[in-house]
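Reading through the structure tokens given below for one structure.
There are 2 protein chains.
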Amino acid sequence: MKRRDFIQKAGVGSLAVGAALTNSKSANASPQFKWKMVTAWPKNFPGLGTNANLLAKMITDMSGGRIKIKVYGAKELVPAFEVFDAVSKGVAEMGHSGAYYWKGKSEATQFFSAVPFGLTAQEMNAWLYYGGGMELWRELYKPFGLIPTATGNTGVQMAGWFNREINALSDLKGLKMRIPGLGGEVLKQAGGTPVSLPGGEIFTSLQSGAIDASEWVGPYNDLAFGLYKAAKYYYYPGWHEPGTTLECFINEKAMSDLPKDLQVIVKQACRIANQDMLAEYTARNNKALHTLVNKHKVQLKPLPNDVLKRLKKLSDEVVGDVAAKDPMSKKVYQSFTKFREQVVAWHDISERAYLNARKL
Amino acid sequence: MKRRDFIQKAGVGSLAVGAALTNSKSANASPQFKWKMVTAWPKNFPGLGTNANLLAKMITDMSGGRIKIKVYGAKELVPAFEVFDAVSKGVAEMGHSGAYYWKGKSEATQFFSAVPFGLTAQEMNAWLYYGGGMELWRELYKPFGLIPTATGNTGVQMAGWFNREINALSDLKGLKMRIPGLGGEVLKQAGGTPVSLPGGEIFTSLQSGAIDASEWVGPYNDLAFGLYKAAKYYYYPGWHEPGTTLECFINEKAMSDLPKDLQVIVKQACRIANQDMLAEYTARNNKALHTLVNKHKVQLKPLPNDVLKRLKKLSDEVVGDVAAKDPMSKKVYQSFTKFREQVVAWHDISERAYLNARKL
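Read top to bottom, the protein sequences are chains A and B.
Just so you know, my numbering puts 138 at position 138 of the first sequence, and the rest follows in order with no gaps.
Numbering-wise, my numbering comes out as the position in the second sequence, counting from 1, plus 1000.
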């Protein structure tokens, strides 16, 4: 569009200059930036996919229509596990996924999604924004030409769907389970076989018996996939994913092509999406749990304390091993572990003490 | 500024049209909206005052300098407890405070800040954004010409500073304590005398013996006020404020004068500030606690289980009484209480089960 056309459409003359030039109606008619967002989730999948849609819409609204973003589900443009490379190469400007999917790039990525017996959602955000976490994440993605942001959190997940009862740690021996990242490593140490599968392939694998168990997210998402039809027991709590952070990374070059205010809008919109997803899951998990238990007669089971205790010991070893892989993993591990120690001490007399007091 | 000057300064011709017209440099040179934000906190007070500053800056940055906001500490333009009326009357465009300060306007306001044995930060956001809370809050502030937003959360607070040991509920009899909102009502039912004081007046009142005890926020803020110099015991957990929400309300008329995209930016910036404060407090409380205990030799004490149990019973009665005050309070009470019941059930097997598992 030529300058003259733009100014005519924007209606300069009848309105104050600034307001008119940024008027959302006129801006909507002519977006200056058309972006693509590739995601690791089925298109419009509740919570994960819809968060990507929400993020795209917020950026458009806050920018007065100057950025338009088209969201692609997994496989629509690239497969779920190729989102990282696609944005790194500039095939798309943004990618929406979970950092532990990229442990093949660097083991350190896992600290930015979920760590067994690690941080809750509230604690993750504290580490990222006020504990040095974001700076390390940016350093980690820099060589790939990507700018990372935290874009959602599921809260404490469920331990998963099992076709075998878990009464002792030995019951995990030989268990073939879909469980990504460090949680999978812990399962391996306990004698099980971790399997990596995109969300969209869990149901059939569980139903066919190709896997014995699977974790996914929590009631809200697990109900949507119908996992209750394919497994007997639903275990809690999600020791392996106590506050899983979702991510949206942005191609560095695409970001630098934006004017300063749009750069701020893109980054800040991710923070809103981060908070929004946690609020959504917190509100919707309980209703879904109710449906699972009362309508679908799902058997809800707590992991025995002794199993949790032993998983914690194995987790500490597995997470410690990551530090030995490379200097960057060590740096991230040290920052994360120090922060965890401090925040656990504080939350022991605040969040935990309160949640227990409420149940007295 | 004339249109021609504006276009020349923005450098149209050498840059893409959209980028140039929204270039933040040019916009910064001529803000179209100059707003005032009055706050209930001492100027630049850590966490509360700095959150207001951050919010103002974010709005300016995201708007490419089209809105500039001057932040006023308590008493600079109006006293702490007159912030609500000031923005309602248009003396300032925005106000930063806590909704329970306005229980004189409507008892229902208290549900939007802190409810004894109510919701945690994560749960509050879930209720506000996905449980119907925000809609009710908007309805409540509408008659005052104000648009409310949640703009911060302290997380679970401390029970407070005491110059008397609390071993039984009877120890609260005759206790003169600074404690606002519904927590104060509960104290009254337990035989104590609640006092309402702005934060800035707590220290001297506690030191002079005008009050026997005071709650404020948590280690980060309490250390900043030096409260440890004026009281013997530091009790936990903050049963009366388990996830205190801060607010920023906006004058409705001022908001409607903004173009659509700036309206979205103002509202969404408040959501970022909301998340940011919780992250800040979560990260900084522990370090402050460490300083209080190790450097200043503060005696940290848990409220006995029996006291908490009885306070919970009194709290349920007091909160229930609010519902009887007027139809709006009843409506908010019912929404809040129903949501609490559901989210407590879910968090019992997720957040709470996990925090306890981590300590096994």
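From the three backbone atoms N, C-alpha and C, an ideal C-beta is built for every residue, glycine too.
With DSSP collapsed to three states, give me the class of Ile1166/B. The answer is coil: DSSP assigns Ile1166/B none of H, G, I, E or B.
For the stretch 1220-1235 of chain B and the stretch 1151-1162 of chain B, state whether three or more C-beta atom pairs, one from each stretch, are separated by less than 8 angstroms. yes
Cutoff 8 angstroms; reference Leu54/A; Cβ partners in own chain excluding five residues on either side: Here the set comprises Ala273, Asp276.
If I follow the unbroken alpha helix (DSSP H) through Pro327/A, where does it start and stop? 327-349
Report the neighbours of Glu1123/B on chain A: residues whose CB is nearer than 8 angstroms to its CB, in chain order. Thr282
In angstroms, rounded to a whole number, what distance separates the CA positions of Gly118/A and Leu308/A? 13 angstroms
Does the CB of Ile272/A have a neighbour CB from chain B at under 7 angstroms? yes
Is Asn286/A closer than 7 angstroms to Trp1127/B when the C-beta atoms are compared? no
Comparing the C-beta of Ile1179/B with each C-beta of chain A, is any distance below 7 angstroms? no
If you run the structure through DSSP and keep just helix, strand and coil, what is Lys1176/B? strand
How is Lys1142/B classed by DSSP in three states: helix, strand or coil? helix
Residue environment, Leu1360/B, which counts as buried when at least 16 other CB atoms sit within 10 Å: exposed
Tell me, please, which residues DSSP counts as bridged to Ser1256/B. None; Ser1256/B has no bridge partner.
Tell me which residue opens and which closes the beta strand (DSSP E) that Phe1033/B is part of. 1033-1039 is the span of the beta strand (DSSP E), which, as asked, contains Phe1033/B.
Report the residues of the stretch 117-142 of chain A with a CB closer than 8 angstroms to any CB of chain B, ordered along the chain. Phe117, Thr120, Ala121, Gln122, Glu123, Asn125, Ala126, Trp127, Leu128, Tyr129, Tyr130, Gly131
Proximal residues of chain A, C-beta to C-beta of Arg1358/B below 8 angstroms: Phe117, Pro242, Lys312, Val344
Pairing CB atoms from the stretch 1099-1115 of chain B with CB atoms from the stretch 1171-1187 of chain B, are three or more of them under 8 angstroms? yes
When DSSP labels each residue in this structure, what does Val217/A get in the three-state scheme? coil
The alpha helix (DSSP H) that contains Tyr129/A, what's its start and end? From DSSP, the alpha helix (DSSP H) with Tyr129/A extends over 121-130.
Using a C-beta cutoff of 7 angstroms, does Gln1299/B count as contacting chain A? no
Indicate the three-state DSSP secondary structure (helix, strand or coil) for Met277/A in the structure shown. helix
Count the other CB atoms within 10 Å of the CB of Asn125/A; is the residue buried (16 or more) or exposed (fewer)? Counting Cβ neighbours within 10 Å, Asn125/A comes out buried, since at least 16 surround it.
Buried or exposed: where does His1240/B fall if 16 or more other Cβ atoms within 10 Å of its Cβ makes it buried? It is buried - the Cβ of His1240/B has at least 16 other Cβ atoms within 10 Å.
For the alpha helix (DSSP H) that Ser1315/B lies in, which residues bound it at each end? 1305-1323
Leaving aside the five residues before and after Lys1331/B along the sequence, list all residues of the same chain whose C-beta is less than 7 angstroms from its C-beta, in chain order. Leu1136
Collapsed DSSP secondary structure at Phe1149/B in the structure displayed: Correcting the residue type first, residue 1149/B is Thr in the shown sequence and not Phe. Correct three-state label for Thr1149/B: strand.
Suppose you measure from the CA of Thr22/A to the CA of Asn294/A; what does that come to, to the nearest Å? Below a pLDDT of 50, predicted positions are generally treated as unreliable, and Thr22/A, at 42, falls in that range; the measurement from the model is reported next regardless. Cα to Cα, Thr22/A sits roughly 52 angstroms from Asn294/A.
Collapsed DSSP secondary structure at Thr244/A in the structure displayed: coil
Closest Cβ-Cβ distance between Val78/A and chain B: below 7 angstroms? no
In this structure, how does DSSP classify Ser88/A when only helix, strand and coil are distinguished? Helix at Ser88/A.
Taking its Cβ as the centre, do 16 or more other Cβ atoms sit within 10 Å of Thr374/A, making it buried, or is it exposed? Any question about residue 374/A goes unanswered here, given that chain A covers just 1 to 360.
Taking 7 angstroms as the threshold (beta carbon to beta carbon), is Phe1112/B in contact with chain A? no
How long is the line joining the alpha carbons of Met1134/B and Pro1302/B, rounded to whole angstroms? 34 angstroms
Which residues in the same chain as Asp306/A place their Cβ atom closer than 8 angstroms to its Cβ, once the five residues preceding and following it in sequence are excluded? Ala168, Leu169
Under the assumption that Val1078/B contacts Val1319/B (Cβ atoms under 8 angstroms), give the Cβ distance between them as a whole number of angstroms. So it is not a contact: roughly 30 angstroms between Cβ atoms.
If we ignore side chains and look at the alpha-carbon of each, how far apart do Ala269/A and Ala1269/B end up? Going from the Cα of Ala269/A to the Cα of Ala1269/B covers about 9 angstroms.
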